[in-house]
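Protein chains in written order, with this note's numbering: chain A, 36 to 412; chain B, 277 to 545. For glycine and all other residues, C-beta sits at the position ideal for the given N, C-alpha and C. Input: a single structure, listed below in structure tokens.
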Amino acid sequence: MQEGWIEAEGEGDALVLRAGGQWCIADAAALDRKLGRLSLPPSRRARIDLAAIEALDTAGAWLVLRLQRALAARGTEVRIENLSRDLEPLLRQVEKRGVPAPPPPLQPPRSLVADGVGSIGATTLELLGTTAGHLGFFGLVVVTLARTLVQPGRVRIVSLVAQMSRVGVAALPIVGLLSFLVGVVMAYQGADQLRRFSAEILTVNLVGLGFLRELGVLLAAVIIAGRSGSAFTAEIGAMVVNEEIDALRTLALDPIELLVLPRLVALVLTLPLVTFYANVMGLFGGAVLCWLVLGLPLPIFVQQLHDALTMWSFWLGIIKAPFFATAIALVGCQEGLSVHRSAESVGRHTTRAVVQSIFLVIVIDAAFSILFAALQI
Amino acid sequence: MPPSPSSSPRSKSEPVIRLRGLATRAGGRVLQRNIDLELRAGEVLGVAGASGAGKSMLLKTIVGLNAPAAGTIEVFGQDTAKLGAAERTLLGTRWGVLFQDGALFSSLTVAENVALPLKERLALPTALLHEICALKLALVGLADDVGHKYPGQLSGGMRKRAALARALALDPPLLFLDEPTAGLDPIVAGELDQLVRDLKESLGLTVFMVTHDVDSLVAVADRIAVLVDNHVRIGTIDEMLNDPNPWIQAYFNGPRGRAAVRHRAGDGA
């Protein structure tokens with residue numbers, strides 16, 4: 036088939052436009068250019084002769100009609116003629132459905148300063164809204180939790196245990212491996228520095244205190260936020276997209292009680308346990324390095340650890356875990372419930388959940404440091 | 277306007293789709309065996325069958341989303357199993373698929389949904405692109421302000437129309453419809469049937485329509501393929517009414533089927 040063409044010529048006081056070839060979407064861009072280059076002297080009457088058109092689709096029909104309208108807008112009287120009979124219905128259909136000029140995309144005039152101020156304002160409002168949302172959601176969950184505690188029969192044991200297995204047991208390999216490696220790295224760096232003071236033995240104190248008080252719980256919390264906080268958002272978000280949350284509500288089931296509480300309680304119960312495991316693996320990593328690099332046998336490592344630590348060193352780390360867990364679970368579930376009905380929204384809220392929960396974990400950790408310093412422990 | 281599909285000016289001797297000995301499989305279970313079916317140019321073939329008989333799976337197998345267990349699929353005279361990557365892409369621009377729930381991209385507006393295949397396949401100037409999108413939306417009967425909305429903001433009927441506009445974006449000669457009227461109220465479903473009929477007549481489309489809606493079959497389909505007992509029976513509505521198969525009898529001569537057929541007879545008179 037021949038590619039689409041159009042030519043114009045004058046015939047007395049009338050303008051004659053002859054079109055032919057293939058007027059289909061594949062040639063639309065080329066035809067659009069040809070039409071743009073066409074010189075159309077003003078005239079009273081015009082004929083668009085389509086006799087030579089071999090193939091036509093809606094895009095081609097639109098180009099013909101657009102030409103007709105452009106001429107008509109200049110006050111020219113236009114006739115379309117000689118279109119083959121089998122292509123006629125298509126042109127009529129496109130003409131009948133009428134193509135309105137597409138509305139211009141909404142774009143208000145822009146100014147750099149106004150935009151900057153505007154975006155600061157919008158971000159502030161969003162931040163305030165997020166904070167209010169977190170607080171409101173926290174209150175809602177506390178109320179629901181209180182109601183459930185009054186009626187312990189409503190605690191969903193199966194769901195709780197399943198969640199504990201998913202967030203806790205399934206996370207053990209990665210938490211263990213990373214804690215072990217961080218323990219090794221910390222001991223190695225510490226030993227390197229402390230050797231200058233002939234105080235290699237204090238490496239044990241460094242690893243012990245560092246892990247028990249800060250690193251163990253932080254590592255566990257950050258890994259769980261990335262692993263399970265994101266999973267909470269994605270699961271609940273997909274349920275929102277699929278209208279499953281609405282379905283729960285219509286069945287007079289409370290999504291907070293059914294979905295949020297098991298996840299929250301599971302995380303609050305398991306994160307301290309995971310933290311304990313992270314501590315053990317971190318200390319083990321430190322011990323292995325001390326043995327290999329410093330030649331410190333395990334019994335001496337344990338003895339030194341025993342002298343360096345008190346029971347408090349252990350509890351001060353573990354005590355933070357339930358708070359971190361609460362933040363991770365609440366943010367994850369709330370972001371999940373805030374998803375709108377689109378795939379992109381699930382992704383955006385999942386990202387936000389992870390970023391916000393890690394941020395909150397660090398903020399809460401800092402608050403605890405200040406508190407412990409004030410209490411001088 | 278062509279009075280009947282056989283005299284449609286676009287009809288050629290070569291069928292648009294030809295299935296030979298096709299067997300479809302889903303999750304290890306064979307749904308149909310030995311399907312022989314031809315879709316002629318310019319006709320609407322309605323595909324009916326019980327829920328779970330594999331109507332949608334047949335559609336997915338033809339468009340290449342599911343590998344056939346046996347047999348050959350020819351579309352536009354080409355065996356789809358033997359196509360290279362480039363030919364396969366080209367074939368993808370020559371058919372449009374309307375999925376059951378629309379499958380509009382939820383993070384794009386309706387206009388962007390329609391524009392996506394145009395942008396990816398063709399280098400159109402922006403103004404013309406917008407015009408063609410607006411034209412497609414107008415063709416399926418959507419107001420132009422719908423273009424700025426997101427799929428989540430649309431009603432079921434509007435979503436189907438928007439998805440149809442996207443399926444028609446590249447002006448494909450072949451259209452696959454998967455349950456176009458499912459989940460719509462009878463008025464909107466009737467309008468959609470009329471729209472498919474209209475577009476088929478004016479754009480000269482060939483349509484492969486999977487449906488469980490007797491009204492749709494009667495109103496739109498030129499021929500009907502019924503998937504029953506793992507194979508396929510093809511014929512016009514009148515032939516179906518006289519088919520002895522108990523499922524086909526229950527389907528077309530049940531209360532709903534009879535009402536639909538009576539309605540058509542009333543229209544014709």
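task = Please report the residue range of the beta strand (DSSP E) in which A/Q57 lies.
result = 49-58
Counted within 10 angstroms of its Cβ, other Cβ atoms place B/A545 as buried (16 or more) or exposed = Bear in mind that the predicted position of B/A545 carries a pLDDT of just 39, short of 50, making it too unreliable to give a figure here.
task = Would you be able to state if there are at least three C-beta pairs under 8 Å between the stretch 381-394 of chain B and the stretch 97-104 of chain A?
result = no
inquiry  = I'd like the ranges of any alpha helix (DSSP H) spanning at least 4 consecutive residues and lying wholly in the stretch 186-244 of chain A.
reply    = 192-202, 207-229, 237-244
Cβ-Cβ distance between A/V202 and A/L302 below 8 Å = yes
query = Using the beta-carbon count (16 or more within 10 Å), is A/L216 buried or exposed?
reply = exposed
task = Return the chain-ordered list of same chain residues with a C-beta closer than 7 Å to the C-beta of B/S282, the five sequence neighbours on each side being excluded.
result = Because the pLDDT of B/S282 is 37, which lies under 50, any placement of that residue in the model is unreliable, and the number read from its coordinates should be weighed accordingly. Excluding residues within five positions, none has a Cβ falling inside 7 Å.
request  = Look up A/A43 in the DSSP assignment and give the residues it is bridged to.
outcome  = A/L52
task = Could you pull out every residue in the same chain whose Cβ sits closer than 6 Å to the Cβ of A/H341, ignoring the five residues on either side in sequence?
result = none
ask   = Leaving out the 5 sequence neighbours to the left and right, which residues in its chain are closer than 7 Å to A/S373 when beta-carbon positions are compared?
value = H384
request  = Kindly give me the distance between the Cβ atoms of A/S392 and A/A362, rounded to whole angstroms, as I take these residues to be in contact under 8 Å.
outcome  = 6 Å
query = Which full runs of the beta strand (DSSP E) of 3+ residues lie inside the stretch 364-447 of chain B, going along the chain?
reply = 371-374
task = Buried or exposed for B/R499, please, with buried defined as at least 16 other CB atoms from any protein chain shown within 10 angstroms of its CB.
result = buried
task = Count the other CB atoms, across all protein chains shown, that sit within 10 Å of the CB of B/N518; report buried if there are 16 or more and exposed otherwise.
result = exposed
request  = Please state whether DSSP places B/D461 in a helix, a strand or coil.
outcome  = coil
task = State the start and end residues of the unbroken beta strand (DSSP E) segment that holds A/L289.
result = Reading off the sequence, residue 289 of chain A comes out as Asp, not Leu. Per DSSP, A/D289 belongs to no beta strand (DSSP E) and is neither H nor E.
message = Checking the sheet assignment: what are the DSSP bridge partners for B/L298?
response = B/I311
task = Name the one or two DSSP bridge partners that A/D84 has.
result = A/R53, A/E116
ask   = Are B/K412 and B/L405 closer than 8 Å when you measure CB to CB?
value = no
ask   = Which residue comes first and which comes last in the alpha helix (DSSP H) that contains A/R101?
value = 93-108
message = Please identify the residue among A/L180, A/E249, A/V148, A/Q37 whose C-alpha is closest to the C-alpha of A/W350.
response = A/E249
Enclosing beta strand (DSSP E) for B/V323 [first to last residue] = 320-325
request  = Pull up the CB-CB distance for A/G39 and A/A65, whole angstroms please, since I reckon it's below 8 Å.
outcome  = 7 Å
task = Compute the distance between the beta-carbons of A/P297 and A/S194, then report whether it is under 8 Å.
result = yes
message = Please return the same chain residues whose Cβ sits closer than 7 Å to the Cβ of A/E44, not counting the five positions on each side in sequence.
response = V51
key: C-beta neighbour in chain B for A/P208, strict 8 Å   = no
message = If the criterion is Cβ atoms closer than 8 Å, does the pair A/L122 and A/I88 meet it?
response = yes
task = Using a Cβ-Cβ cut-off of 8 Å, state whether B/E407 counts as contacting chain A.
result = yes
task = Quick one: measure Cβ to Cβ for A/H169 and A/Q369, integer angstroms, because I've assumed they're closer than 8 Å.
result = 7 Å
message = Could you pull the DSSP bridge partners for B/I349 from this structure?
response = B/L295
Of the listed residues A/I397, A/A322, A/L163, nearest to A/G243 (C-alpha basis) = A/A322
key: B/A501, enclosing beta strand (DSSP E) - first and last residue   = 499-504
message = Across the stretch 342-351 of chain B and the stretch 411-428 of chain B, are there enough close Cβ pairs to call them in contact, namely three or more that are closer than 8 Å?
response = no
ask   = To the nearest angstrom, how far is it from the Cα of B/L444 to the Cα of A/D67?
value = 20 Å
query = Whose Cβ in chain B lies nearer than 9 Å to the Cβ of A/Q128?
reply = L415, D474, L475, E477, S478, L479
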